[in-house]
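So in the numbering used here, the last spot in the sequence shown is 164, and the numbers never skip. For glycine and all other residues, C-beta sits at the position ideal for the given N, C-alpha and C. This one's a predicted model, so the numbers in the text were calculated from it and none came from an experiment. Take a look at the structure set out below.
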Amino acid sequence: MNKTAIALLALLASSASLAATPWQKITQPVPGSAQSIGSFSNGCIVGADTLPIQSEHYQVMRTDQRRYFGHPDLVMFIQRLSSQVSNLGMGTVLIGDMGCPLVGVSTAVMPATRPDWDVDIFLQLPKTRWTSAQLLRPQALDLVSATVNTLSPRCGSQKFSA
């Protein structure tokens, strides 16, 4: 086979893998009482709640990925936690990926997360709200320095064991 044909086949194969699955086309949670179905790597949730995108106490990152759905108790936990953090004057809680409205056969990068109880919360608590651009492409803080078993200087000088 010539190089052009191989490149064309590779392009076709990669574009097919990037196509949206039927699960990714679902935009709203399935109604019903909240229940997990399946397992970590191949599960879904019925009765998920939507974490409101707008809040004075938290900001949702990467909203273009539509991963702000979860068990109603998880949504309430995020709201309570962010309210308490705000009341203590610690800053704004940054919420990362939660679950999709409905998850089917796992195609996620991190398939070992529960679709209903998982949430990524950034450990940075900015005092000023992030811009839309920052929220779409957040930059995480490095918590571990280049030195083995040492926290980054911005976290203090405590050592930890592996």
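What residue range does the beta strand (DSSP E) around residue i cover?
{"i": "Gln61", "result": "60–62"}
{"i": "Val87", "result": "Element bounds for Val87: not the beta strand (DSSP E) but the alpha helix (DSSP H), 74–89."}
{"i": "Leu96", "result": "95–97"}
Mind checking which residues open and close the alpha helix (DSSP H) that includes residue i?
{"i": "Ile55", "result": "Where Ile55 is concerned, there is no enclosing alpha helix (DSSP H), given that its DSSP letter is neither H nor E."}
{"i": "Ser134", "result": "134–138"}
Between residue i and the rest of its own chain, which residues show a CB-CB distance below 7 Å, the 5 nearest in sequence each way excluded?
{"i": "Asp122", "result": "Gly98, Asp99"}
{"i": "Val111", "result": "Note on Val111: pLDDT 45, under 50, position unreliable in the model; the coordinate value appears next. Nothing meets the Cβ criterion."}
{"i": "Arg69", "result": "Asp99, Met100, Gly101, Cys102"}
{"i": "Gln40", "result": "Before going on, a small fix: residue 40 reads as Gly here, not Gln. So the qualifying residues of the chain are Cys46."}
Short of 6 Å in beta carbon distance, which residues of its chain neighbour residue i, apart from the five on each side in sequence? Order them along the chain.
{"i": "Ser84", "result": "His59, Tyr60, Val95"}
{"i": "Gly93", "result": "Leu127, Pro128, Lys129"}
{"i": "Gln1", "result": "Because the chain here runs from 3 to 164, residue 1 falls outside it and cannot be looked at."}
{"i": "Val62", "result": "Ile55, Tyr70, Ile97"}
{"i": "Val87", "result": "Val95"}
Spatial neighbours of residue i within its chain, please: C-beta separation below 8 Å, excluding the five flanking residues on both sides.
{"i": "Ser209", "result": "Given a span of 3 to 164 for the chain in the structure shown, any question on residue 209 remains unanswerable."}
{"i": "Val77", "result": "Asp51, Thr52, Leu53"}
{"i": "Asp66", "result": "Leu138"}
Secondary structure at residue i, three-state DSSP: helix, strand or coil?
{"i": "Pro113", "result": "With a pLDDT of 44 at Pro113, under the threshold of 50, the predicted position of this residue should be treated as unreliable, and no value is reported."}
{"i": "Gln141", "result": "coil"}
{"i": "Ser37", "result": "Note on identity: in this sequence residue 37 is Gln, with Ser being the wrong assignment. Strand at Gln37."}
{"i": "Thr65", "result": "helix"}
Closest by CA to residue i, which one among the options?
{"i": "His73", "options": "Thr133, Gly49, Ile28, Ile55", "result": "Gly49"}
{"i": "Ser35", "options": "Gln67, Asp66, Val62, Asp75", "result": "Asp75"}
{"i": "Arg64", "options": "Thr149, Pro140, Thr152", "result": "Pro140"}
{"i": "Val32", "options": "Leu90, Phe124, Gly101", "result": "Gly101"}
{"i": "Ala142", "options": "Leu125, Arg131, Ser134", "result": "Leu125"}
{"i": "Phe79", "options": "Trp119, Leu90, Trp132", "result": "Trp119"}
Taking 7 Å as the cut-off, is the beta-carbon of residue i closer than that to any non-hydrogen atom of the ligand HEM?
{"i": "Gln81", "result": "This structure lacks the ligand HEM, and indeed carries no ligand of any kind."}
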